[in-house]
Structures are given as C-alpha cells and as structure tokens.
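Undergrad: Below is a structure I'd like to ask you about.
In our numbering, the protein residues as written are 783 to 1333.
Have a look at this one:
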C-alpha cells in the first residue's frame, strides 16, 4: 500500500500538537510502502510518518506515551539517553518488559528528568533499520543561556529498500558481502613499486593472518542517506535571516553509518553532546558516531544558501540539507573525499614486524572486517571499483582524510558546562574487550555473545571505572542505557563530559566513570545494529537498595 507522506505528516503533527498540551502522547506503529527518491521500501512508520514524529517534552513534565503496535510482530520503543525507571526503558527481556504484542497498546509513564536532544527507536529485532525511530527534544525547566532565533532538528538516517533480515542473512553468509573495494593483484604490484617487495608482502601477510581487509570500512553499503526523512535530491531546508543564530540539533539515527559532518562556509559552535551542555567549542567538522547527538550554533552573516553536508565514513554517499534565506535556494554540494584505507598502525602495531599473531588472545576475529562503519549511497549503489590513482592517494588510517588546518571535534575538546556532582575515585575497574569473529559474523564483548556472558553486577551507588579496549579493526559506538557515564578525556574531574555513547576507534581504548544510581537491568551494547544483533551486548544489573539501606 502506497502512502501519501504529506497526509500522514499532517496526521502526525496533529497527534503531537494535541499531546503536548495534555502531557499525553500517542504513537501508532504500522508498516507501509515508502518511496524515497524512487526507491521503495516496506518500512515501519510512526503516526504515518517516516521517520517518526518529533516528541517535544519539558524538563519536569510527567509524561504518558501510549504506543499502539499494528505490526504483525512484537515491537517496542526505547527512549535513547533518557533517565527513567528500568521498566519504562523499552528493552524486551529486561526489567519485566516483554515488548508490545501485535494489536496491543503499552503506556510508558515517567517523569522527564533532563533537557537536551535525544531520540527514540525500537529495541525489537532489526526494526530500527526499517524506520522505527524519531527525534526527542526536551526544553529546560528554566530558560537556557543558549539563545537562537531558530531551532532545527537534523536527524540523519540510512535508508535501504533491502529487508533488514536479508542484510543480516547476507552478512552471516559472507562478512565481505557488501565490500566492493577489496585489494587486487594490481594493488599488490603497485605497492611493490612504492614500498618494495618485502614491506608489501609483509603487509599482505599481516592482514591475511588476521583475515582482515584494510579497505573494508563498512559492513553494509548501498544506503540512501536521509535528513529528516528526505534524500539529498529532496533537500530539506531550514530558513534564516542573515545575522540570526541557528541551533541545529544533529542526531545520528542510522543503523550502521558514521558521518563526517560539516557546513562549508560556516563555523559550528558545539554547545551540547548527547543532550548534555558543554562549554562552547568552535569546530569545522564533526565525526558523528551512530546514536550520538550534538547541538551546534551557527550564525550565517550573508543572505545566501549553505549546504549541510554529511558524508559516510566509507565515502559511498552523503546526506545533504540546506540553510537558506528562502525556500528553493541551494549551495554547491562538495565532492566526496577519498575513501581512507586502514593500516596496521590503527591497531597500535606499526608495521607489526616480528609480531606473534598467536598472542592476540582477545582477537577472535577470524576474518574480522574493517574499521568503521560509514555506509551508504545517496540514491544509487556504490561504485564497485577504484582506479590505481585513487588507491595510491587514499588517506591512510582510521582518522585520516580531514584537510590540513581544519578543526575537527575530538572527545578531548568536550568539557561539561556544569560541575560533576560525584567526584569520588572509582572503587574498581571493569575492563570490557570489544571482540568479534568476522568469518561467522559474530560480534562479542570479552569474547562472549549476549546470553553466554555473565551480567555486569554493580552495587547501588557504587562508583566504577569502565575501560573499553577495542581489539578489532572497526570503531564501536558503545551505549549504556539508563545512566550517563563521564568520559575520561583529560579534562579536570569536575568537568568531565557526560556521554551515553562512547565511540571507541580501532585498536584504541577509552575509559569512563559511572555512578550506579539507577536500580534495575540496563542494556549495554554496541550501537551498530547488526553487531548488537549478532551478540555484541550484555546486561548491567544495579542491585536495588534494601529497606535497611534505604533508611
């Protein structure tokens, strides 16, 4: 059944407008055919919209959200980044929540305890890839110091007309199914000419022994990238008058795509990360991990159009939108930058001379693929070949490819706007190795799939240090439900930034501090959807206070 998105959008806005007055909200989950630039997909829609409608709350508001499931399968809605009771978190199998059965309605009820930019999505099967997602904006209880004439949500997503179950099946059958950029014999001979036969052969043997490919940056390609549900050709537009301040709330609601985001001609001032206010950071570009949100302020001085340009990490496509004084204006769209190629240095191994691969005890990566997930294609399948010149000039390394002199946001730049309340030293450290077996397309934590691993048990009120050690050639955006962590990034303890997503680059480690102040069972997983589905998940259990302890 073909749907008129215009009609359904009107219905969705009516839902949201009515709900906002009453503190009650209604979401209806259904499935319809959606047309994105000529590509048709049997997608999940919410209140007739794809993606789902914006939910706008106010800090301190007591909300009731009635979710009706009209699908043939169980469904759920998880409120990503929100602090709430465990039974309202929306993860089937945790805290007694069994999901929402077909034809049933479940009411989520909780008090809104924070402000900022967040989003919601399904936590059932692969429904997130199929469209069950939407933005959340929470206005602060008191006026914010961040003033802007315009406030726009810019939600990025990756659309495919391929069924999510089919994608997962293809990856399980062949982890390199979507890698169309594998190195060839010609690349080997060009490497010999440049680096000599010894270095080239050693490089090939190193990669072969680990059963990886340095060109494999994305598990999935062929996506169409969207901004607020619109393709690059549809060109979502935000209006302004010259000199006005604009707040842009960027949400990466993709299933599998990292984006490199910039607005040529405009400096972005980062004012919030994962919904939490940070001290302003002027940047030219942001690498946006899956499920992260960043709020930025821009101030266009001229009466011309500006392109919001978000290219996938693997450079197979881009999302594009426009800021302009009036509808119909456009700015030039930058060309895609060259695709980066991984190196052994990404694993902290340099040339790996003399390395004993058998000692890589935490790297059960048989055939482990890649380094980063950026996926995509705007409206067409990605090119399946590269020229020798492109191969020769490819930037080397996971973090490569940014122009010299350009300021790219780093985690080290983030500094909490308000002081942290808990400055205790952690009582213990929990090390989590990010691991995988690519030949079988199984992703794991500490070498164990979800269901095989013991939950991480914390005492209520305990202060712990979590250290993520990435033993793979991909970045993993790690997400903990129910609680913020403080990212150890070199800032003073009182100013460590709060995060709910921590993107751990290939071969690197990050530490975070956590105060276990939310009793219940909390999902803890990689936010690359097919990684989580294949096992890269665990459960954090925070022991509830006893009656005696509560007194």
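We treat Cβ as the ideally placed atom computed from N, Cα and C, and that holds for glycine.
Any idea what DSSP makes of residue 1313, helix, strand or coil?
TA: helix
Undergrad: Is the CB-CB distance between residue 1072 and residue 1309 below 8 Å?
TA: Going by C-beta atoms, residue 1072 is nearer than 8 Å to residue 1309.
Undergrad: Spatial neighbours of residue 1114 within its chain, please: CB distance less than 7 Å, with the 5 preceding and 5 following residues excluded, ordered by chain position.
TA: 1089
Undergrad: Given this structure, state the Cα-to-Cα distance separating residue 1109 from residue 832, to the nearest angstrom.
TA: Approximately 22 Å between the Cα atoms of the pair.
Undergrad: From residue 859 to residue 1112, what distance separates their C-alpha atoms?
TA: 36 Å
Undergrad: Which residues bound the beta strand (DSSP E) around residue 879?
TA: No beta strand (DSSP E) holds residue 879; DSSP gives it neither H nor E.
Undergrad: Expressed to the nearest angstrom, what Euclidean distance is found between the alpha-carbon atoms of residue 934 and residue 1221?
TA: 42 Å
Undergrad: From what residue to what residue does the alpha helix (DSSP H) around residue 1096 run?
TA: Counted as a single uninterrupted DSSP element, the stretch harbouring residue 1096 is not any alpha helix (DSSP H), since DSSP gives it neither H nor E.
Undergrad: According to DSSP, is residue 1077 helix, strand or coil?
TA: strand
Undergrad: Round the Cβ separation of residue 1027 and residue 929 to the nearest angstrom and send it over; I've been treating them as touching at under 8 Å.
TA: 7 Å
Undergrad: Does the contact criterion of 3 or more C-beta pairs under 8 Å hold for the stretch 1217–1234 versus the stretch 1302–1319?
TA: yes
Undergrad: Taking DSSP's pairing of strands, which residues face residue 1239 in a bridge?
TA: DSSP output for residue 1239 lists 1323 as bridge partner(s).
Undergrad: Identify whether residue 1135 lies in helix, strand or coil by the three-state DSSP scheme.
TA: Reliability of the predicted coordinates at residue 1135 is poor, the pLDDT of 32 falling under 50, and no value is obtained from them.
Undergrad: Beta carbon of residue 1302, beta carbon of residue 868: below 8 Å?
TA: yes
Undergrad: Please state whether the Cβ-Cβ distance between residue 872 and residue 879 is less than 8 Å.
TA: yes
Undergrad: Since I believe residue 1268 is in contact with residue 1279 (beta carbons under 8 Å), could you give me their beta-carbon distance rounded to a whole number of angstroms?
TA: 7 Å
Undergrad: Suppose you measure from the CA of residue 1074 to the CA of residue 1055; what does that come to, to the nearest Å?
TA: 8 Å
Undergrad: Give the straight-line distance between the Cα atoms of residue 1311 and residue 1038, rounded to the nearest whole angstrom.
TA: 6 Å
Undergrad: Does DSSP put residue 1266 in a helix, a strand or coil?
TA: In the structure shown, residue 1266 sits in coil (DSSP, three-state: anything other than H, G, I, E or B).
Undergrad: In three-state terms, what does DSSP make of residue 870?
TA: helix
Undergrad: Would the beta-carbon of residue 1208 fall within 8 Å of that of residue 1118?
TA: no
Undergrad: Could you give the distance in angstroms between the alpha-carbon of residue 1254 and the alpha-carbon of residue 941?
TA: For residue 1254 and residue 941, the gap between their C-alpha atoms comes out near 26 Å.
Undergrad: In terms of residue numbering, what span does the beta strand (DSSP E) encompassing residue 1051 cover?
TA: Where residue 1051 is concerned, the enclosing beta strand (DSSP E) stretches over 1050–1055.
Undergrad: Measure the beta-carbon distance from residue 1257 to residue 1040 and round it to whole angstroms, keeping in mind my assumption that it falls under 8 Å.
TA: 7 Å
Undergrad: Secondary structure at residue 1275, three-state DSSP: helix, strand or coil?
TA: helix
Undergrad: Quick one, which of 1298, 1284, 1187 and 851 has its alpha-carbon nearest residue 1325's?
TA: 1298
Undergrad: Does residue 1313 pass the burial test, meaning 16 or more other C-beta atoms within 10 Å, or should it be called exposed?
TA: buried
Undergrad: Helix, strand or coil, according to DSSP, for residue 733 in the structure here?
TA: Only positions 783 to 1333 of the chain appear in this structure, which leaves residue 733 out of reach.
Undergrad: Is the Cβ-Cβ distance between residue 883 and residue 901 less than 8 Å?
TA: When the beta-carbon positions are compared, residue 883 and residue 901 stay at least 8 Å from each other.
Undergrad: Between the beta-carbon of residue 827 and the beta-carbon of residue 913, is there less than 8 Å?
TA: yes
Undergrad: Just how far apart, CA to CA, sit residue 1004 and residue 1245?
TA: 43 Å
Undergrad: Which residues in the same chain as residue 1015 place their Cβ atom closer than 6 Å to its Cβ, once the five residues preceding and following it in sequence are excluded?
TA: Correct list, in chain order: 819.
Undergrad: Going by CA-CA distance only, name the one from 806, 815 and 1121 that's closest to residue 847.
TA: 806
Undergrad: Below 8 Å between beta carbons: does that hold for residue 937 and residue 1035?
TA: yes
Undergrad: Note down, one range per segment and in chain order, each beta strand (DSSP E) of at least 3 residues found wholly within the stretch 890–949.
TA: 898–903, 915–921 and 932–941
Undergrad: Could you name the residues of the same chain whose beta carbon sits closer than 8 Å to that of residue 1323, not counting the 5 residues immediately before and after it, in chain order?
TA: 1237, 1238, 1239, 1240, 1302, 1303 and 1304
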